[in-house]
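Only one structure is covered here, and it is reproduced in the block below.
Protein chains: 4
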Amino acid sequence: MLDGLPAGEPLDLEEIRTQMARRAPGRDQTSTKRVESDTPRILSGTLPGPDGVPHTTGAPLAIEIVNENQRSGDYGNLTALPRPSHADYSGYIRYKGFNDIRGGGHFSGRLTAPLVFAGTVCRQILRRRGITVGGHIYRIAGVDDTPFHPVSLTPQQLEALSAVPFSLLNKKAEPFMRSAVEEARLAADSVGGLIEAAAVGLPAGIGSPMFDGVENRLASLLFAIPAVKGVEFGDGFAIAALRGSQANDSMRVSGQGFTCASNHNGGVLGGITNGMPLIVRVAVKPTASIGLPQPTVNLATGENDTLVIKGRHDPCIVPRALPVVEAALAFGLLDLLLERDGYR
Amino acid sequence: MLDGLPAGEPLDLEEIRTQMARRAPGRDQTSTKRVESDTPRILSGTLPGPDGVPHTTGAPLAIEIVNENQRSGDYGNLTALPRPSHADYSGYIRYKGFNDIRGGGHFSGRLTAPLVFAGTVCRQILRRRGITVGGHIYRIAGVDDTPFHPVSLTPQQLEALSAVPFSLLNKKAEPFMRSAVEEARLAADSVGGLIEAAAVGLPAGIGSPMFDGVENRLASLLFAIPAVKGVEFGDGFAIAALRGSQANDSMRVSGQGFTCASNHNGGVLGGITNGMPLIVRVAVKPTASIGLPQPTVNLATGENDTLVIKGRHDPCIVPRALPVVEAALAFGLLDLLLERDGYR
Amino acid sequence: MLDGLPAGEPLDLEEIRTQMARRAPGRDQTSTKRVESDTPRILSGTLPGPDGVPHTTGAPLAIEIVNENQRSGDYGNLTALPRPSHADYSGYIRYKGFNDIRGGGHFSGRLTAPLVFAGTVCRQILRRRGITVGGHIYRIAGVDDTPFHPVSLTPQQLEALSAVPFSLLNKKAEPFMRSAVEEARLAADSVGGLIEAAAVGLPAGIGSPMFDGVENRLASLLFAIPAVKGVEFGDGFAIAALRGSQANDSMRVSGQGFTCASNHNGGVLGGITNGMPLIVRVAVKPTASIGLPQPTVNLATGENDTLVIKGRHDPCIVPRALPVVEAALAFGLLDLLLERDGYR
Amino acid sequence: MLDGLPAGEPLDLEEIRTQMARRAPGRDQTSTKRVESDTPRILSGTLPGPDGVPHTTGAPLAIEIVNENQRSGDYGNLTALPRPSHADYSGYIRYKGFNDIRGGGHFSGRLTAPLVFAGTVCRQILRRRGITVGGHIYRIAGVDDTPFHPVSLTPQQLEALSAVPFSLLNKKAEPFMRSAVEEARLAADSVGGLIEAAAVGLPAGIGSPMFDGVENRLASLLFAIPAVKGVEFGDGFAIAALRGSQANDSMRVSGQGFTCASNHNGGVLGGITNGMPLIVRVAVKPTASIGLPQPTVNLATGENDTLVIKGRHDPCIVPRALPVVEAALAFGLLDLLLERDGYR
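Chains as they are written, first to last, in my numbering: chain H, 1 to 344; chain V, 345 to 688; chain U, 689 to 1032; chain W, 1033 to 1376.
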């Protein structure tokens, strides 16, 4: 359910399908073999325009994605044996044992499917306002892609990356990443990685100081994505190693306006955009569900036990998490933009 | 102004003074020479108890900290020449040129003083509920302190660290850090660093999935601190290099309850605490105000110009930012705890 | 979509059906002849307990109610001719002409069906905590029911009223009300009325001063119900005619606690419950959709025009609005209660 | 503390003083004899413009109003004997006995002074956008003023009413109202009344359906004013006596746009403004603090007791509540307007 959208915005359903397919499992060997169609059904919030294309009405946009491939058997013993590094135990305490442990539960990665739907709608609205969002796999299991150029990054680069499933600036990195993932899969293990996302075309002056800044809002959304353990903007953690004279982004006259000669701050100063590309990176932990036997406790007996997770699980979640990161970014930026512009 | 505090909580004003002194400038050579007394005056929200100690009434706790040492002359030419990597330009656009550029402005680091006041009040309330918050300087200019032990960290360690100004686990690192800072100061430059903070005694089951998780909330608060460019929990960005079998935190029976054998997730799973210590690190950029001449633009003439910042500025903000990080952590955790427990 | 419910709460689906039937159209001659089944389908948020009864999991409780009887033809000319006293024109401006004018639109009275679902879930949770919610038709077209006794009102009275469709304390008023409605119907016109609702068993100390008071919250919810134009608590507007000595509710010792000898304030003082029954009344305007021809404008031609609304419409919405008012009351009170008690 | 104001708005301090004087006590015989200067001191959020006039900077506008005339002795026995129809008992439970019972407490009518400050700032910003807010005493102790004409009400009428302390459309009602108040005062008693407020110049299309409507927001704010027990829009409770054909507001072409021939709905349909004057009335209960002895309980002994309130109290709060109602209206409308227009 997505509320607060401007009215009269056309939805490109084809692009929504493309983005949801980037997130969907079963596409290649880095992901689980489950096949989920992830077809969203729009319940409310659009009407066909004169061209037959659905347009937002301003009412809440509600969709349903049916969980078609739920094999409850795969989750059989999980109610007693919490999976290490999953939310099974923390959720069990939080919800007094009434939480839904199955694949359809509140902590399932499947909940990122509607996030991609919502984010793609936001991305389309942003694009019509001159703002382009995109991202790429920055690192998998120690194999690096080329980073974004934080100053000269273009909308075309971002659009090209977002049109494909395994988004890389340097396609030569792909076989090395894939073999690292395959190696982990054969070992019944998993690997993690980093994602870099960006937005270009953002005007200066978006966001508010202190608690309502761009970084605050985006971080708050990005940590909603399962497996994200870190969020950084601009140079992020690496900025701690620089001196002020190296880290400061000098300003220069550029055409009719002003620009920065560098972008160590990733487009945000004091919580407010400065007109430079927004650059964000997130750390994605290795998939917690692995095939290897793992020590855990038995909530029913109160004794130590060993868990063997059955079923198919992604040896690496990074490629599927990328469109989710882009979606959260688009969602957050549209929200911030609408605060500046209102609904008029 | 701090609203929503439980009623009847005594305030330890001495500890508040100690924490505010940790943040205040002019304490040693890593910080500016300005002397600000930062004495908070309580305007509302407390009444003396039978013991004469102020207790919260449940009404908003409002304080005033007078900006006593404002030398407007120091900010003379800043209205036209935005300081690189400050919010001068982004704030200028955001507020259409009406923003207050002086030291008392909305983006001033001085706004972290009330944050420390608020955080220390929250820290005291948490302590009475068995939760201890603290932190240390993790790195300055490439010089590292010993990291927290993510499993066996104790309340005593945290309390000891928070009682002193330049908090380190390994005091031998101090002279190396200080000379790196002094070196930068002599070069009219600045250095950055990392801060690590933690909470122990947090019960499992605090927080909510997706957008209202512990990491979301804390990150959202931590990015309010000027100069913070990254936030990570548990192993954070380093977790991307591990395999699932290395990163997963096995569970074990421990006394009457359960615990984890490791804590790569920093005490949070699925947005909810799991009973392990909460571990968070933030990246602090080098102070943007440096003495070296810097290229910038002139907003009045629309031409390139050169800025020389006068006045005294911290060559390293990390030690003063530490109590602010602890304050934000305490503030966020009390908020999350009260959501579980209500105001009863 | 209802989020924030405590986990482990059983749902009595039979009572939900009863309450939704009280709101559904086509039950008797005071309401439209459209037959809508209003059967809610639960999409998420529950799991069967050992007894087979669905229990809340703590995840968002999402339901779908399909709009089965939408005759788009009935709304044919409404896109150009705004119905007087409907949201057609204000919604047209708000959403720049993209709003959905059909029966399924954002302003449809049908949106109160999910509100009744949500409210009945809340009512059940409140009941298990000793709080009973209910209401009755207070007035239709000048015909009055007996008011609640503001001090000695009992849970049994409230439960009995909520179990039936045309809820009255004095059943003798029913034929007079019904003939007033029938008279309006035959004149292709409509009538309005008042609804009185109450909660008993509310402990003292719920709510917060100023903007987060019980009255603020409940009024904010009650004005969400289409056709509500006024909200009052306790004696409401009539209190303006009393002297302080008449309006003040004296306190008395009662058993182990304290009570009030009267209840002119309707159970709320300073935004906070005082332990007396909460009494609220709302004004419901006559149905705006009437059969008589009405002067309006034509948004397409920009000229004056005349509207004749076809289709079947309720000559009096009051009986169907009653369960919606009770639902909003239950919803708001549970929210306020959970703020006191948290989710633990 | 008022946050979210647009930057660059000049403050007319003289008008702020006028409005605060309308609310301040001790002006005439309807109010208490306490003399409070109510002089606000601006702590942050403004800077002088080139003309020396303070302009908003976009930072939070914080003010301090010192409670200069607090005679704690007047509140001596109140800690044990809750005043009937005050928040003493409900607040005592809410805050576990730690609430501040003195005149400076959280429930004091004095808290409406900053509300008038905030509302007058908002009123000035609205005026520059063509929206005028005002109000009048509608009734005191059964004596009525002339109601607003809901269609032809003008900005001039509203401005004239708000410039004076005892605002009436029909000045002939004043002596009758004053003598009713004086009669109550001599009887050591108090009287209540009604207030009518309005806004003209509001464009159509402000507000959102359901929970974020204009009526919801304004009611939520108006119930924050102590002593308000009812809120109604347009015809309010009286609309229940009309037929649809009488209550519906026909639309007509008017100049380049559209208007309504009547305004029974008070300018709001479906939560959204329709371009007609916004009309709201609130019920104000008789002052709860009266000189007559009153039965109450003794919280210390747990027995029945009798309270005699000393000190000076308003026999009628209505004239002083009027500028507070106008302030809340201005505050709420600016908030709603900024949602449409953003901060750009």
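Note that beta-carbon positions come from the ideal geometry of N, C-alpha and C, so glycine has one too.
Residues near residue i by beta carbon distance below 6 Å, same chain, minus five either side
| i | result |
| --- | --- |
| Met1 (chain H) | Pro60, Ala62 |
| His430 (chain V) | Ala632 |
| Val575 (chain V) | Ala563, Leu566, Val626 |
| Glu559 (chain V) | Phe577, Val612 |
Nearest neighbour of residue i, chosen from the options [CA to CA]
| i | options | result |
| --- | --- | --- |
| Glu703 (chain U) | U:Asp833, U:Pro914, U:Ala848, U:Thr767 | U:Ala848 |
| Asp739 (chain U) | U:Asn755, U:Gly733, U:Pro728, U:Leu699 | U:Leu699 |
| Pro295 (chain H) | V:Asn592, V:Leu677, V:Arg684 | V:Asn592 |
| Ile272 (chain H) | V:Arg561, V:Gly580, V:Ala568 | V:Ala568 |
| Leu497 (chain V) | V:Asp488, V:Gly486, V:Gly479, V:Ala485 | V:Gly479 |
| Leu673 (chain V) | V:Arg483, V:Leu651, V:Ile623 | V:Ile623 |
| Phe795 (chain U) | W:Gly1245, W:Met1308, W:Gly1334 | W:Gly1245 |
| Ala300 (chain H) | H:Gly97, H:Leu43, H:Asn67 | H:Gly97 |
| Ser1277 (chain W) | W:Phe1269, W:Phe1265, W:Pro1182, W:Ala1293 | W:Ala1293 |
| His1001 (chain U) | U:Gln845, U:Gly893, U:Gly979 | U:Gly979 |
| Gly614 (chain V) | V:Gly549, V:Gly599, V:Gly646 | V:Gly549 |
| Met554 (chain V) | H:Pro147, H:Glu326, H:Leu111, H:Gln256 | H:Leu111 |
| Val839 (chain U) | U:Gly990, U:Ala806, U:Pro1003, U:Asn951 | U:Asn951 |
| Gly945 (chain U) | W:Asn1297, W:Asn1330, W:Ile1172, W:Gly1123 | W:Asn1330 |
| Ala875 (chain U) | U:Cys1004, U:Gly818, U:Tyr783, U:Gly696 | U:Cys1004 |
Beta-carbon neighbours of residue i, restricted to chain H and to distances below 7 Å
| i | result |
| --- | --- |
| Gly696 (chain U) | Lys96, Phe98 |
| Leu690 (chain U) | Neighbours of Leu690 (chain U) on chain H: none; closest Cβ ~11 Å, over 7 Å. |
| Pro426 (chain V) | Met251 |
Rounded distance between the beta-carbons of residue j and residue i, thought under 8 Å
| i | j | result |
| --- | --- | --- |
| Leu322 (chain H) | Ser167 (chain H) | 6 Å |
| Arg866 (chain U) | Gly1020 (chain U) | Not quite, the Cβ-Cβ distance comes to about 31 Å (not below 8 Å), so this is no contact. |
| Pro82 (chain H) | Met595 (chain V) | 6 Å |
| Gly255 (chain H) | Pro203 (chain H) | Not a contact, Cβ separation roughly 15 Å. |
| Met975 (chain W) | Ala1145 (chain W) | Because chain W in this structure spans residues 1033 to 1376, residue 975 (chain W) falls outside the shown range and cannot be described. |
Same chain only: Cβ atoms within 7 Å of residue i, ignoring 5 sequence neighbours per side
| i | result |
| --- | --- |
| Lys1317 (chain W) | Gly1224, Ala1259, Lys1261 |
| Pro499 (chain V) | Thr476, Val544, Gly545 |
Contacts of residue i in chain W (Cβ-Cβ under 8 Å)
| i | result |
| --- | --- |
| Gly449 (chain V) | Thr1089, Ala1091 |
Beta-carbon proximity list for residue i, same chain, < 8 Å, skipping 5 on both sides
| i | result |
| --- | --- |
| Pro1038 (chain W) | Thr1088, Gly1090, Ile1157, Leu1370, Tyr1375 |
| Leu47 (chain H) | Pro54, His55, Thr57 |
| Pro340 (chain H) | The sequence given here has Arg at residue 340 (chain H), not Pro. For Arg340 (chain H), where only same-chain residues beyond five positions count, the Cβ hits under 8 Å are Gly205, Ile206. |
| Ser388 (chain V) | Ala403, Pro404, Leu405, Ala406 |
Interface partners of residue i on chain V, CB under 7 Å
| i | result |
| --- | --- |
| Glu702 (chain U) | The contacting residues do not exist; Glu702 (chain U) stays about 30 Å from chain V at best. |
| Asp1029 (chain U) | Gly686, Arg688 |
Listed by chain order, chain V residues near residue i by CB distance under 9 Å
| i | result |
| --- | --- |
| Val324 (chain H) | Within 9 Å Cβ-Cβ: nothing; Val324 (chain H) doesn't reach chain V, min ~12 Å. |
7 Å Cβ cut-off: residues of chain U touching residue i
| i | result |
| --- | --- |
| Gly1334 (chain W) | Val941 |
| Val1329 (chain W) | Met939, Arg940, Val941, Phe946 |
Proximal chain U residues relative to residue i, where beta-carbon distance stays under 9 Å
| i | result |
| --- | --- |
| Leu1446 (chain W) | This structure leaves residue 1446 (chain W) out entirely; chain W is present only between 1033 and 1376. |
Amino acids of chain W, ordered along the chain, whose beta-carbon sits closer than 7 Å to that of residue i
| i | result |
| --- | --- |
| Glu903 (chain U) | Phe1255 |
| Ile781 (chain U) | Ala1236, Gly1237 |
Contacts that residue i makes with chain W (C-beta to C-beta distance below 9 Å)
| i | result |
| --- | --- |
| Glu408 (chain V) | Leu1075, Ala1094, Glu1096 |
Output, in sequence order along the chain, the residues in the stretch 1300 to 1327 of chain W whose CB is closer than 7 Å to any CB in chain U. Leu1301, Gly1302, Ile1304, Thr1305, Asn1306, Ala1315, Val1316, Lys1317, Pro1318, Thr1319, Ala1320, Ile1322, Leu1324, Gln1326, Pro1327
For the stretch 574 to 600 of chain V, list every residue whose C-beta sits within 7 Å of some C-beta in chain H, in sequence order. Gly574, Val575, Glu576, Phe577, Gly578, Asp579, Gly580, Phe581, Ile583, Ala584, Ala585, Leu586, Arg587, Gly588, Ser589, Ala591, Asn592, Asp593, Ser594, Met595, Arg596, Val597
Interfacial residues, the stretch 727 to 740 of chain U to chain H, with Cβ spacing under 7 Å: Leu731, Leu735
For the stretch 1209 to 1235 of chain W, enumerate the residues whose C-beta is nearer than 7 Å to any C-beta of chain U, in chain order. Ala1216, Asp1221, Ser1222, Val1223, Gly1224, Gly1225, Leu1226
Residues in the stretch 1141 to 1172 of chain W with C-beta within 8 Å of chain U's C-beta atoms, listed in sequence order? Against chain U - using a Cβ distance shorter than 8 Å - the residues of the stretch 1141 to 1172 of chain W are Leu1143, Arg1171.
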